[in-house]
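Protein chains in written order, with the numbering used here: chain A, 89 to 847; chain B, 741 to 1009. Backbone N, C-alpha and C define an ideal beta-carbon position, used for all residues, glycine too. None of the values given here were measured: they were computed from a predicted structure. These notes are about the structure you will find just below.
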């Protein structure tokens, strides 16, 4: 009854709409203000059934008790959305909102409604909208918390923030990319509300890194080498390329530039509307800058007014491009396709300055002879430019003269206006030409591109960290730059300790020596009794001949050949120095560390005798932010006192994050020139770290690291001192492992193992 | 061993060679003094062609041996073979050349193992003789005999290096890809192609040579440019011919391929 009473207050509503208004069971006054517009829009766009669904949907949303806001949003956004992707979406949305209202996430409903318009525009089909809703509801379900495990009581911390970012996200990534990005956030930050919020507001570094990876288009990161090669090959130019972010500030005009430090280019390029591939847009940009670097000279800025300067820049751009196309004619097509095509009549507003528009036309007319412009001045200056270029390379000064007279000739009163006409004048591949100018007097005119930095950075002693990815087996993706690995030289103590260890094992080393002598490479070996060979083995040949003459069957194997028999193996021994190696195993008198030290000393001694290049390194970790990789012996170092002193100092602590250490060792091994490369890993337990709860994660990551090395032809072999290693070690190293149960025998077993591996 | 047919080693038609500097006179002087010569330079820049040209000019037979890893000293000097009557000695190419007074050209000598190459030592100093120890004979080189080796220093491998004692028996001549204009002429003449196409091919060659050391061990050689020109002559589209002759053979690196292909597209529009 009350409903109808309210209705009577809206006098303006025409009769035919009053029945419709009664179908919308919602009595907020604010609705009456917009109802007519909304329903007319809906009637215009939707079928009869559609309008019915629309009104019942709005009624449903009114019933959730979240005030008038969601209803208004629904009424406004749905007609257009349904028109775009189909009417089925109406009930989908209203039901969806109803579902959300049954959870503690009611606060997210208005932001959710606000994303719908953008989503429909970006996604454009019902299937994708469905997918979009599924992703959102899934995210909501997974992040909504409960206190006692039964009823969900805590709202999702990330959801409203995610929804706030949605328009930007949709502009950056495809729906699959969005799903991956959200998935990653949920998986890693589900139990940490603050970090979850940071992730979904794009504040945390890995959130941005993940998003960058999911972006569509041609990423600079994927093509860095390609682009450097391009510069090197076509322009003999070697310059540091650095990307700037195109993300976030969509409104700020970013232009590429180069200065003393290097060339700055965008971090990503989509394929252009005209069908130019992202990589070609990069190349167009680099070619333009390379042309500047080859043909442009600096001129003094103080002598010219700002208008003169932009004209000079424009003509200089045209000049270097003209010269470049003489060398590489194909660039012309590329540049032309990326150049805006200004319409001659476009800039007729009297209140805006058309200076940029005039220059863009000039630039286009120089480029494209079929420009079709009629302006006399323009045509004259195009001709003057071409005449100048016929005389040879010309110079920046020469085109400056033409530029100045062009500005003088075409000056208009409106040029002084505060607003400048920008449309269709921006040439995306051209840089900002800051390299062209020298400012003599410091005034307020020169552009301060970078504030002078007075801060002096403290020199850090150690090397900067190297970042390695980590494999996430849940998603089958790498977490980019996840682990920071610091490398350094292991501290040293007294080398004599190692000598006394070797003396203690002198009996063993004598036995080893015999094996070593057998293994020593003998470069050139004669192989006799061959049917095919490089030389006749005269002794055998004569014997065969005698056999032949005396009527018996001769031995046809009368040749011999030579073969090379040499070892060409590079070995890295990676020692796990996690805290557990300090333990003294049952029945032993020494700690695992001490036994390992003895074993490693013997092995290093043995390998040194053989002459194979060997490096030894140790690692431990303390969360992903601090993995230490300590060099004990380098490939080029001999087995000398310095190395022994470092071995003697070996100490243990913290955890075992194996993947990054394996990758780093592989990085050094892959630079070795050897036929065979072997990575020996000496460890006493499974990979683990204090910031990882999932036991399997680091095991899978180590497995991935090992298979990465496999692809680089590096053979990995694990020597495990953990009696329970059988449970996991084969998951990492497949069959390439040895478990040593009797740890006391390690000093004996390790060198033997190495020898049998490399025999 | 007079039954050797000298004529088969003679070069009857003048091989085309474009003079770059004073190399012909230099070589002639070395030959007059019978000094062993080493020619160095990247692959496909015309080393072998130059030696052929000189052999023709000097009217000497030319015996070429392509060296390889499996070559042994007896492949150069000669060996005993078995026949119905017992063993028979067969001269190797080096011995033949020393006997008949030919120019013996050992191509890519570093490919042969170092212990193989020492057999040339007695031939390359004042002795000019080749001891055949298995046969018990010492061959005194014919007065017109000369030894030439080619050596491509581009293989940046420690293993493929000549011994000092070998190196110091030769006078050396450096070769490199000809300057743009000359190379253009060479491609034009060798493949009988128009000047404009030749110019573009040489430009692509230059692009690739800039990448040497950045993923390419060697730039595109003049020989490959001539191949590309020949393909164009056969009616293949220039861009496809370039891909076939200039890109695919030299690299499998995707980035470098893309760069070269882009260069081809911007040069052959």
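Within a 10 Å sphere around the beta-carbon of residue 775 of chain A sit 16 or more other beta-carbons, which makes this residue buried. Per DSSP, residue 827 of chain A is one residue of the beta strand (DSSP E) stretching across 825–827.
Among the residues facing chain B, residue 622 of chain A is included, as its CB has a counterpart in that chain under 7 Å away. Taking the Cα positions, residue 674 of chain A is about 12 Å away from residue 811 of chain A.
Rounded to the nearest whole angstrom, the CA to CA distance from residue 322 of chain A to residue 932 of chain B is 27 Å. Around the beta carbon of residue 763 of chain A, a 10 Å sphere encloses fewer than 16 other beta carbons of the protein chains shown; the residue is thus reported as exposed. Residue burial annotation: residue 430 of chain A is buried, with at least 16 other C-beta atoms found within 10 angstroms of its C-beta.
Taking 7 Å as the threshold, the shortest C-beta distance from residue 825 of chain B to chain A does not fall below it. Its Cα nearest to that of residue 761 of chain B, the residue B:919 stands out among B:939, B:962, B:989 and B:919. Bridge pairing for residue 441 of chain A: A:508 [DSSP]. What residue 421 of chain A touches in chain B, judged by beta-carbon distance under 8 Å, is 1009, going in chain order.
At a cut-off of 7 Å between beta-carbon atoms, residue 950 of chain B makes contact with chain A.
In this model, residue 564 of chain A and residue 800 of chain A are separated by some 20 Å (Cα to Cα). Between residue 469 of chain A and residue 494 of chain A, the gap from beta carbon to beta carbon is short of 7 Å. Neighbours of residue 417 of chain A in chain B, taken as residues at a C-beta separation under 8 Å, are given in chain order as 1006, 1007 and 1009. Nearest Cα to residue 651 of chain A within the set B:811, B:884, B:803 and B:788: B:811. Where residue 255 of chain A is concerned, there is no enclosing beta strand (DSSP E), although the alpha helix (DSSP H) around it starts and stops at 247–260.
Nearest in C-alpha terms to residue 158 of chain A, of all of A:186, A:135, A:132 and A:172, is A:186. For residue 806 of chain A, the three-state secondary structure derived from DSSP is strand.
Remark: three or more beta-carbon pairs, one from each stretch, lie closer than 8 Å, so the region 800–818 of chain B and the region 849–864 of chain B are flagged as touching.
By the CB criterion at 7 Å, residue 177 of chain A and residue 169 of chain A fall inside the cutoff. Not one beta carbon of chain B lies nearer than 7 Å to the beta carbon of residue 411 of chain A. In its chain, beyond the 5 residues on either side, 692, 693 and 696 have a beta carbon closer than 7 Å to the beta carbon of residue 727 of chain A. Cβ-Cβ separation between residue 800 of chain B and residue 745 of chain B: approximately 15 Å, too far for a contact (criterion under 8 Å). For residue 647 of chain A, the secondary structure class from DSSP, reduced to helix, strand or coil, is strand. Around the CB of residue 320 of chain A, 16 or more other CB atoms lie within 10 Å, so the residue is classed as buried.
Contact annotation: the region 241–259 of chain A touches the region 195–206 of chain A, with at least three C-beta pairs closer than 8 Å. Within the same chain, and ignoring the five residues on either side of residue 790 of chain A in sequence, the residues whose Cβ sits closer than 8 Å to its Cβ are 746, 747, 750, 775 and 820.
Using beta-carbon distances, residue 284 of chain A does not count as an interface residue toward chain B, since no partner is under 7 Å. Per DSSP, residue 554 of chain A is not a residue of any alpha helix (DSSP H); the beta strand (DSSP E) it occupies stretches across 554–560.
For residue 626 of chain A, the residues of chain B that pass the 9 Å Cβ criterion are 820, 827 and 874, in the order they occur in the chain. Residue 329 of chain A: not part of any alpha helix (DSSP H); member of the beta strand (DSSP E) spanning 329–332, first to last residue. In this structure, residue 817 of chain A lies away from residue 804 of chain A, with their beta-carbon atoms at least 7 Å apart. Its Cα nearest to that of residue 569 of chain A, the residue A:559 stands out among A:307, A:358 and A:559. In this structure, A:508 is the residue among A:365, A:379, A:508 and A:405 with its C-alpha nearest to the C-alpha of residue 435 of chain A. Per DSSP, residue 212 of chain A has no beta bridge partner at all.
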